[in-house]
Amino acid sequence: MAKHHRALGVAHTLRPVQPVTLVRPHAAARAARFFVEKFPGRTLYAVKANPSPDLLQILWDNGVTHYDVASIGEVRLVARTLPESTLCFMHPVKAEEAIAEAYFTHGVRTFSLDTIEELEKIVRATKGADDLTLCVRIRVSSELSKLSLASKFGAGPGETKALLFAARQAADTLGICFHVGSQAMSPDAYAQAMERVRMAIVEAAVTVDVIDVGGGFPSAYPGMEPPPLERYFETIHRAFESLPISYSAELWAEPGRALCAEYSSLIVRVEKRRGDELYINDGAYGALFDAAHVAWRFPVTLLRAEESRAKDVAFSFYGPTCDDLDHMAGPFDLPADVDTGDYIEVGMLGAYGSAMRTAFNGFGTDETIEVSDEPMATLYAGLEDDADSGNVVRLGARRG
Ligand SMILES: Cc1ncc(COP(=O)(O)O)c(C=O)c1O
Numbered sequence: 001m002a003k004h005h006r007a008l009g010v011a012h013t014l015r016p017v018q019p020v021t022l023v024r025p026h027a028a029a030r031a032a033r034f035f036v037e038k039f040p041g042r043t044l045y046a047v048k049a050n051p052s053p054d055l056l057q058i059l060w061d062n063g064v065t066h067y068d069v070a071s072i073g074e075v076r077l078v079a080r081t082l083p084e085s086t087l088c089f090m091h092p093v094k095a096e097e098a099i100a101e102a103y104f105t106h107g108v109r110t111f112s113l114d115t116i117e118e119l120e121k122i123v124r125a126t127k128g129a130d131d132l133t134l135c136v137r138i139r140v141s142s143e144l145s146k147l148s149l150a151s152k153f154g155a156g157p158g159e160t161k162a163l164l165f166a167a168r169q170a171a172d173t174l175g176i177c178f179h180v181g182s183q184a185m186s187p188d189a190y191a192q193a194m195e196r197v198r199m200a201i202v203e204a205a206v207t208v209d210v211i212d213v214g215g216g217f218p219s220a221y222p223g224m225e226p227p228p229l230e231r232y233f234e235t236i237h238r239a240f241e242s243l244p245i246s247y248s249a250e251l252w253a254e255p256g257r258a259l260c261a262e263y264s265s266l267i268v269r270v271e272k273r274r275g276d277e278l279y280i281n282d283g284a285y286g287a288l289f290d291a292a293h294v295a296w297r298f299p300v301t302l303l304r305a306e307e308s309r310a311k312d313v314a315f316s317f318y319g320p321t322c323d324d325l326d327h328m329a330g331p332f333d334l335p336a337d338v339d340t341g342d343y344i345e346v347g348m349l350g351a352y353g354s355a356m357r358t359a360f361n362g363f364g365t366d367e368t369i370e371v372s373d374e375p376m377a378t379l380y381a382g383l384e385d386d387a388d389s390g391n392v393v394r395l396g397a398r399r400g
């Protein structure tokens, strides 16, 4: 992979015609070390957030040994890339063939479920195995998070008792898992969910061996600057310690976004300006899916050798395809004189960015360049002696 020091250098020396993904291995390594050292339990990386094999290797090299996989494709990918890793199949609705392949071919022993039907599938597909870790997913509120995960999965209050009881009979190790929604803006999200866990355990009166608090750990974006991650960890630890579970019970988390958001960004080129609308060469069908579909505001920086003196104004973006849907409302704050031919870096795209990319309409490329400058925002700066972390600045403050 080609290497450059800074995003600005990539734009100016290469003048790329196609969008270029920039990756920052040091940022992903720092996030992994942070979770491994400070989360008061085990960290499973949620592979769906960014399945790049390079990223998987970086996380592994920095101490992440367990991986939350949600499809047989992810099971195969991680088994191939990191053969020594432990895989946990945490999608509550799986094909029976996928469960069987995961168990018999790839050694997967941990599965999640939220219905009796899924439990029966797991038992059938594994031929009644007696070495299963079964995690019952319970439904919790997403109200303190930016992206809801409260509707699709999770056993409701009237269902958990029978399910926990049945899963206890089939499991060697029984867990309870949940997801508070992605980009949880307050640690209280986890405190409230842990209360639901307490109620479920008391009601079912079963021994629970694993509490898995799922993902939802935030990253920093414009208008979404969360409290420090340590506050989340403290809240979770306190709630875990007060649950009616055995002394040897384990605490797990499945961060996706928080481990990889800072890992990559994207350099795009402005192909046309129409008033305060910029037509850029990546969009809704590329790495900017969330910017278009859930109006996510990613940080942006104009990459000009000589800094613009114009004041920032709010722009919206159009992506390159012929679709009206290929529109990103932003607002994206950029100097008022930005124009055709300018390069823009769109930051914090490591999570749910390149993972969503398609080649629709013939657009999109895989060009990736490694850089060693800092991401546009970080939750991990100054937390360790990192050679390059001295120049981390607040969100939006970096220029070029
Ligand atoms: C089961 C499960 N675990 C973990 C994650 C990762 O969530 P996040 O990226 O918000 O940390 C997801 C995301 O959808 C999920 O469905």
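For the sequence shown, counting from 1, position 336 maps to 336 in my numbering; every step adds exactly one.
Idealized CB from N, CA, C, for every residue including glycine.
Quick caveat, the model's predicted, so the values are computed rather than measured.
Rounded to the nearest whole angstrom, the CA to CA distance from Gly73 to Arg357 is 17 Å.
Straight across, the Cα-Cα distance linking Pro40 with Arg273 is about 49 Å. According to the DSSP secondary-structure assignment, Phe111 is paired through a beta bridge with Phe89, Leu134. In this structure Pro92 is in contact with Phe153, their Cβ atoms being roughly 5 Å apart against a cut-off of 8 Å.
By the Cβ-count criterion, Thr105 is exposed, with fewer than 16 other Cβ atoms from all chains shown falling within 10 Å of its own Cβ. In chain order, Ser219, Met348, Gly350, Ala351 place their CB closer than 7 Å to the CB of Ala261, counting only its own chain and leaving out the 5 sequence neighbours on each side. Pairing Trp252 with Gly175 gives a Cβ-Cβ distance under 9 Å.
The beta carbons of Pro25 and Thr365 sit about 20 Å from each other, so the pair does not count as a contact at 8 Å. Judged by pairs of C-beta atoms under 8 Å, the stretch 320-327 touches the stretch 277-289, as three or more such pairs exist. It is roughly 18 Å from the alpha-carbon of Ser242 to the alpha-carbon of Arg42.
Residue nearest to Arg168 within the set Tyr221, Gly107, Leu113 is Leu113 (criterion: CA-CA distance). Taken in chain order, the complete alpha helix (DSSP H) segments of 4 residues or longer contained in the stretch 155-234 are 160-170, 188-204. Cβ atoms of Phe315 and Asp276 come within 8 Å of each other, at about 5 Å. Per the Cβ contact rule, the stretch 111-126 is not in contact with the stretch 183-196 (fewer than 3 Cβ pairs under 8 Å).
The three-state reading of DSSP puts Asp323 in coil, since its state is none of H, G, I, E or B.
Shortest Cα-Cα distance from Ala310 to any of Asp337, Pro16, Val108 involves Asp337. Separation of Leu259 and Pro51 (C-alpha to C-alpha, rounded to the nearest whole angstrom) is 12 Å. Taking the C-beta atoms as reference points, Gly214 is found nearer than 9 Å to Cys177. Taken through DSSP and simplified to helix, strand or coil, Glu97 comes out as helix. Burial state of Pro335 is buried, judged by a 10 Å Cβ sphere holding 16 or more other Cβ atoms. One thing to note: Ala100 has its Cβ no nearer than 9 Å to the Cβ of Ile58. Going by DSSP, Ala46 is part of the beta strand (DSSP E) stretching over 42-46.
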